[in-house]
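Peer 1: Here it is, the structure, as structure tokens.
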Amino acid sequence: MGILNNTVSICQFQVLGTMPATDPAIWVGEGLANDGFRSIEQTSEELSSGWVQLDDHQESDFNGLHTFQHDHYLAFSLRRDQRKLPTALLKPYILKAEEEWLAANPQFKRVPKQQREDLRDAVRGNLFAKTLPAPAIYDVVWDTRSNMITFSALGTNAVDLFVDQFKKSFQGLRLVPIHPIARAGQVIDEVLQPALTQANRSGSDAVLEQIEANQWLGTDFLLWLMHETMNAASEYAVNQPGPAVAGDSFVAYLNDRLLLAASSESGVQKVTVTGPQDHFSEVRTALQGGKEIHEAVLYMEKQEKLWKMTLKGDTFHFASFKAPAVTLEKDDITDPEMEREAVFFERMYLLEEGLQLFNSLFATFLTQRLDQGWAQKEQEIRKVLAQA
Numbered sequence: 004m005g006i007l008n009n010t011v012s013i014c015q016f017q018v019l020g021t022m023p024a025t026d027p028a029i030w031v032g033e034g035l036a037n038d039g040f041r042s043i044e045q046t047s048e049e050l051s052s053g054w055v056q057l058d059d060h061q062e063s064d065f066n067g068l069h070t071f072q073h074d075h076y077l078a079f080s081l082r083r084d085q086r087k088l089p090t091a092l093l094k095p096y097i098l099k100a101e102e103e104w105l106a107a108n109p110q111f112k113r114v115p116k117q118q119r120e121d122l123r124d125a126v127r128g129n130l131f132a133k134t135l136p137a138p139a140i141y142d143v144v145w146d147t148r149s150n151m152i153t154f155s156a157l158g159t160n161a162v163d164l165f166v167d168q169f170k171k172s173f174q175g176l177r178l179v180p181i182h183p184i185a186r187a188g189q190v191i192d193e194v195l196q197p198a199l200t201q202a203n204r205s206g207s208d209a210v211l212e213q214i215e216a217n218q219w220l221g222t223d224f225l226l227w228l229m230h231e232t233m234n235a236a237s238e239y240a241v242n243q244p245g246p247a248v249a250g251d252s253f254v255a256y257l258n259d260r261l262l263l264a265a266s267s268e269s270g271v272q273k274v275t276v277t278g279p280q281d282h283f284s285e286v287r288t289a290l291q292g293g294k295e296i297h298e299a300v301l302y303m304e305k306q307e308k309l310w311k312m313t314l315k316g317d318t319f320h321f322a323s324f325k326a327p328a329v330t331l332e333k334d335d336i337t338d339p340e341m342e343r344e345a346v347f348f349e350r351m352y353l354l355e356e357g358l359q360l361f362n363s364l365f366a367t368f369l370t371q372r373l374d375q376g377w378a379q380k381e382q383e384i385r386k387v388l389a390q391a
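Residue numbering for the sequence shown follows the numbering used here, starting at 4 and increasing by one per position.
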């Protein structure tokens with residue numbers, strides 16, 4: 004699912020470091036071109052990765068700013084081609100090669116270790132040359148105003164590949180994932196920063212420790228939001244910067260699917276509740292049994308527009324983030340290039356508006372969670388859920 008599709012899974016990063024003071028976009032273009040994707044289709048290589056153009060995954064030259072720059076956005080894609088051989092296919096060819104080697108070398112009763120490895124490599128290379136690589140494309144949008152990057156994949160391998168490739172191409176810059184505690188620091192008022200610092204349970208700035216130690220933030224947010232869904236009007240006001248006007252109202256609620264989990268001596272126990280949630284009875288039962296909400300489908304509505312996503316509570320990754328459809332009128336006289344630009348900007352507008360609503364919802368929660376009265380508030384929430 005590409006970034007221009009109406010549904011896409013995304014995570015976000017903050018870009019840290021110093022870019023050249025003059026023509027940073029040109030510098031980025033040089034980095035993209037230097038590490039552009041190189042095809043392995045006519046070779047026997049197993050793997051190749053590099054940058055390609057967002058709207059043409061065959062092009063990796065980046066000749067000109069127009070190939071990746073859209074006003075304050077820098078947009079491109081990471082392409083990885085990889086050949087894979089099923090073990091069931093590889094094994095008989097290796098056995099045949101070993102049998103032929105022993106027949107040609109009757110003084111040996113078994114193939115020596117080094118020779119066996121050489122035969123395996125030769126067989127793999129021969130089969131790779133006959134196997135087409137499978138491509139994987141991950142889109143990247145770099146907002147130079149906020150120095151934030153939106154990446155269209157959530158898998159660990161894809162994210163690690165992107166972080167490594169970015170570091171290689173743009174030396175002096177590094178990416179920091181925008182996990183729950185980091186996003187909290189971005190959306191709350193300055194007056195609440197000391198409370199957030201005190202609530203941070205991590206003992207270091209290491210990203211993995213920050214995420215692991217602060218899983219409470221995601222579970223508390225989803226618990227609060229479920230309570231609000233059941234017992235409030237679910238109406239909120241825009242309080243974060245973005246396309247929507249500050250003070251505009253929107254509705255946010257949980258529904259359809261919730262994942263709950265709890266750790267025990269026998270491991271992690273999970274419960275998934277699916278379907279329309281009128282009273283959240285199964286969810287409330289699981290909560291009373293000691294489980295916490297770790298993932299849920301979140302809806303956000305603003306006038307006639309609807310956003311839907313699966314929120315990962317531990318990382319604040321947005322899976323299957325569905326935004327309103329891009330609706331642009333086409334005619335016979337519109338330049339295709341201008342049409343592609345219009346689609347891109349409309350898509351970015353809708354995506355950013357959805358994230359703005361989410362940030363506003365999260366900030367509303369944080370004003371309560373970081374208040375000294377939260378412990379009593381949480382008791383009241385759990386009491387109401389138990390009695391519902």
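We put the CB at the ideal spot given by N, CA and C, even for glycine.
1. Consult DSSP for Arg83 and reduce its assignment to one of helix, strand or coil.
2. Could you give the distance in angstroms between the alpha-carbon of Ala345 and the alpha-carbon of Thr330?
3. Leaving out five residues on either side along the sequence, give the residues of the same chain with a beta carbon under 7 Å from the beta carbon of Gln243.
4. The beta strand (DSSP E) that contains Gly53, what's its start and end?
5. Is Asp251 near the ligand MN, going by C-beta to nearest heavy atom under 7 Å?
6. My assumption, with CB atoms under 8 Å, is that Gly221 sits in contact with Pro183. Please give the rounded CB distance.
7. Enumerated in chain order, which unbroken segments of the alpha helix (DSSP H) with a length of 4 residues or greater are wholly contained in the segment 171-225?
8. What distance in whole Å lies between the Cβ atoms of Val300 and Ala289, which are believed to be in contact at a cut-off of 8 Å?
9. Mark Asp84 as exposed unless 16 or more other C-beta atoms lie within 10 angstroms of its C-beta, in which case mark it buried.
10. Counting along the chain, where does the beta strand (DSSP E) carrying Ser252 start and finish?
11. Give me the DSSP bridge partner(s) of Asp142.
12. If you scan the segment 84-166 from start to end, which runs of the alpha helix (DSSP H) of 4 or more residues do you find wholly inside it?
13. Three-state secondary structure (DSSP) at Phe283?
14. Just the Cα atoms here: how many angstroms apart are Gln306 and Tyr352?
15. Given Ala449, which residues of its chain have a CB within under 6 Å of its CB, disregarding the five upstream and five downstream residues?
16. Taking Thr159 as the reference, give the member of Lys170, Pro180 and Gly175 with the closest Cα.
17. Excluding the 5 residues flanking Phe111 on each side, which residues of the same chain have their C-beta closer than 7 Å to its C-beta?
18. Enumerate in chain order the residues of its own chain whose CB-to-CB distance from Ala100 is below 6 Å, with the five nearest sequence positions on each side excluded.
19. Is Asp223 buried or exposed, if buried means 16 or more other CB atoms sit within 10 Å of its CB?
20. Please classify Ile336: does DSSP put it in a helix, a strand, or coil?
21. Less than 8 Å between the beta carbons of His282 and Ile384, yes or no?
22. Taking 8 Å as the cut-off, decide whether the C-beta atoms of Ala264 and Lys311 are in contact.
Peer 2: Result, derived from the coordinates:
1. What you label residue 83 is simply residue 80 of the sequence shown in a count that begins at 1. The answer is strand: DSSP assigns Arg83 an E or B state.
2. Position 342 of the sequence shown, counting from 1, holds the residue named residue 345. Position 327 of the sequence shown, counting from 1, holds the residue named residue 330. Spanning the two alpha carbons is a distance of roughly 10 Å.
3. As a first step, residue 243 must be located in the sequence shown, where it is residue number 240. Answer for Gln243: Val190, Gln359, Asn362, Ser363 and Ala366, listed in chain order.
4. Along the sequence shown, one-based indexing puts residue 53 at 50. Unbroken beta strand (DSSP E) run through Gly53: Leu50 to Val55.
5. For the structure depicted, the ligand MN is absent and the ligand set is empty, with no information on it obtainable.
6. By one-based count along the sequence shown, residue 221 stands at place 218. By one-based count along the sequence shown, residue 183 stands at place 180. Right, the Cβ-Cβ distance comes to about 5 Å (below 8 Å), so this counts as a contact.
7. 183-190, 196-202 and 210-216
8. Position 286 of the sequence shown, counting from 1, holds the residue named residue 289. Position 297 of the sequence shown, counting from 1, holds the residue named residue 300. Between Val300 and Ala289 the Cβ distance is about 16 Å, and since that is not below 8 Å, they are no contact.
9. On the sequence shown, residue 84 is found 81 positions in, with the first residue counted as 1. When all chains shown are included, Asp84 counts as buried.
10. Position 249 of the sequence shown, counted from the start, is the residue given in the question as residue 252. Note, Ser252: beta strand (DSSP E), Ser252 to Ser267.
11. Taking the first residue of the sequence shown as position 1, residue 142 is located at position 139. Ser80, per the DSSP bridge assignment.
12. 90-107 and 116-132
13. Translated into positions along the sequence shown, residue 283 becomes position 280. Note: Phe283 maps to coil in three-state DSSP.
14. Along the sequence shown, one-based indexing puts residue 306 at 303. Along the sequence shown, one-based indexing puts residue 352 at 349. So the two alpha carbons sit approximately 16 Å from each other.
15. Any property of residue 449 remains undetermined from this structure, which presents the chain solely from 4 to 391.
16. One-based indexing of the sequence shown puts residue 159 at position 156. Considering only alpha carbons, the answer is Pro180.
17. If you number the sequence shown from 1, residue 111 lands on position 108. Around Phe111: Leu105.
18. Walking along the sequence shown from the start, residue 100 turns up at place 97. The residues are Leu122 and Val126.
19. Taking the first residue of the sequence shown as 1, we reach residue 223 at position 220. So Asp223 counts as buried.
20. Reading the sequence shown from its first residue, position 333 is the one you call residue 336. DSSP places Ile336 in coil when its eight states are reduced to three.
21. Translated into positions along the sequence shown, residue 282 becomes position 279. Translated into positions along the sequence shown, residue 384 becomes position 381. Going by C-beta atoms, His282 is not nearer than 8 Å to Ile384.
22. Walking along the sequence shown from the start, residue 264 turns up at place 261. Walking along the sequence shown from the start, residue 311 turns up at place 308. No; because the gap between Cβ atoms is not below 8 Å, this pair is not in contact.
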